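Visitor:
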Amino acid sequence: MPDLIQHAIGTSVETVICLDTHKVGSHAGQLCATRLAWLDETLGNTPNKPALIFMHHPPLALGLSQQDANMLEDHETFFDALARNQNNQ
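Counting in this note's numbering, the final residue of the sequence shown is number 130, and the numbers go up one at a time with none missing.
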């Protein structure tokens with residue numbers, strides 16, 4: 042697997058998270074176990090701050106057929122991570 046391109050920046054009021062959702066060889070997105078663990082850890086490090094999460098692949102259908110065909114494949118795991126960490130908005 043290539044190196045992941047993701048980063049978190051903490052400010053005094055929030056955590057800005059850039060989450061890598063690239064799936065090698067596909068236009069669709071994916072959260073592998075490594076990415077998911079990183080997201081859980083990052084959200085868990087600042088439980089009292091809101092988190093703004095930026096990622097290329099949408100985690101839900103937008104009603105745009107071309108975009109929906111390439112959404113985050115394992116979006117349930119993304120929403121499970123958000124539910125475990127209540128600092129998202």
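Each residue gets a CB set at the ideal place from its N, CA and C atoms; glycine is no exception. Owing to the predicted nature of the structure, the values given are computational and were not obtained by experimental measurement.
(1) Output yes or no for whether 8 angstroms exceeds the beta carbon distance between I46 and T83.
(2) Would you decide whether L80 is buried or exposed? Buried here means 16 or more other CB atoms lie within 10 Å of its CB.
(3) Can you name, in chain order, every residue of its own chain whose Cβ lies under 7 angstroms from the Cβ of N86, other than the five neighbours on each side?
(4) Would you report the Cα separation of G66 and I94, rounded to the nearest angstrom?
(5) Answer with buried or exposed for P88, where buried requires no fewer than 16 other C-beta atoms within 10 angstroms of its C-beta.
Guide: Reading it off the structure:
(1) The residue labelled residue 46 in the question sits at position 5 within the sequence shown. The residue labelled residue 83 in the question sits at position 42 within the sequence shown. No, they are not a contact pair.
(2) Along the sequence shown, read from residue 1 onward, the residue named residue 80 stands at position 39. Burial call: buried.
(3) As a working mapping, residue 86 is identified with position 45 in the sequence shown. Nothing meets the Cβ criterion.
(4) Numbered from 1 along the sequence shown, position 25 holds the residue referred to as residue 66. Numbered from 1 along the sequence shown, position 53 holds the residue referred to as residue 94. Taking C-alpha positions only, G66 is separated from I94 by approximately 24 angstroms.
(5) Counting from 1 along the sequence shown, the entry for residue 88 is found at position 47. It is exposed - the Cβ of P88 has fewer than 16 other Cβ atoms within 10 Å.
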